[in-house]
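A quick write-up on the structure given underneath.
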Amino acid sequence: MTDDTHARIDAVVKNNPVVLFMKGSPLFPQCGFSSRAVAILNHLNTQFESVDVLQDQGIRQGIKAYSDWPTIPQLYVNGEFVGGSDIMMEMYESGELAELLGGKAA
């Protein structure tokens with residue numbers, strides 16, 4: 001990953017309370033996992049920034065190195081990596097995700 005790509009990812013993660021790196025957009029997710037992640041956040045009435053990794057190959061590969069996580073989507077809350085859609089689903093079902101997002105819910 002280039003320094004520029006790292007800086008761009010870092011700025012998005014640090015300047016937005018909740019960020020979802022995903023395939024597609026919240027209105028038109030391009031994979032089932034991204035769709036599930038958006039549905040979870042929407043169900044929790046969470047305002048979030050999204051980054052479509054399909055629009056930038058550098059971001060698509062760079063986010064994997066940034067988090068040391070091989071798959072997309074990836075959720076960040078308050079600058080910290082939370083996980084992908086499976087982890088989001090587990091945290092949602094246990095109530096942990098709602099608690100984590102408590103101050104960020106609309």
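For the sequence shown, position 60 (counting from the first letter as 1) is numbered 60 according to full-length UniProt numbering, and the numbering increases by one without interruption.
Glycine is no exception: its CB is placed at the ideal position from the N, C-alpha and C atoms.
Separation of residue j from residue i, as counted between CA atoms
{"i": "residue 89", "j": "residue 54", "result": "23 Å"}
{"i": "residue 101", "j": "residue 32", "result": "22 Å"}
{"i": "residue 85", "j": "residue 61", "result": "18 Å"}
{"i": "residue 52", "j": "residue 21", "result": "6 Å"}
{"i": "residue 49", "j": "residue 78", "result": "12 Å"}
{"i": "residue 30", "j": "residue 87", "result": "19 Å"}
Same chain, Cβ closer than 7 Å to residue i, five either side skipped, listed in chain order
{"i": "residue 105", "result": "Unreliable placement is indicated for residue 105, whose pLDDT of 43 sits below 50; the coordinate value is still reported in the next sentence. Within the same chain, residue 105 has close Cβ partners 44, 45, 46."}
{"i": "residue 19", "result": "12, 13, 48, 49, 51, 76"}
Contacting residues, own chain, Cβ-Cβ under 6 Å from residue i (five flanking each side not counted)
{"i": "residue 98", "result": "44"}
{"i": "residue 1", "result": "62, 65"}
Cβ neighbour criterion (16 or more within 10 Å) applied to residue i
{"i": "residue 74", "result": "buried"}
{"i": "residue 83", "result": "buried"}
{"i": "residue 23", "result": "buried"}
{"i": "residue 27", "result": "exposed"}
{"i": "residue 37", "result": "buried"}
{"i": "residue 94", "result": "exposed"}
Run of the beta strand (DSSP E) containing residue i, from where it starts to where it stops
{"i": "residue 57", "result": "Element bounds for residue 57: not the beta strand (DSSP E) but the alpha helix (DSSP H), 57-67."}
{"i": "residue 22", "result": "18-22"}
Endpoints, alpha helix (DSSP H) assigned at residue i
{"i": "residue 75", "result": "Here residue 75 belongs to no alpha helix (DSSP H); instead the beta strand (DSSP E) covers 74-77."}
Residues bridged to residue i (per DSSP)
{"i": "residue 49", "result": "19"}
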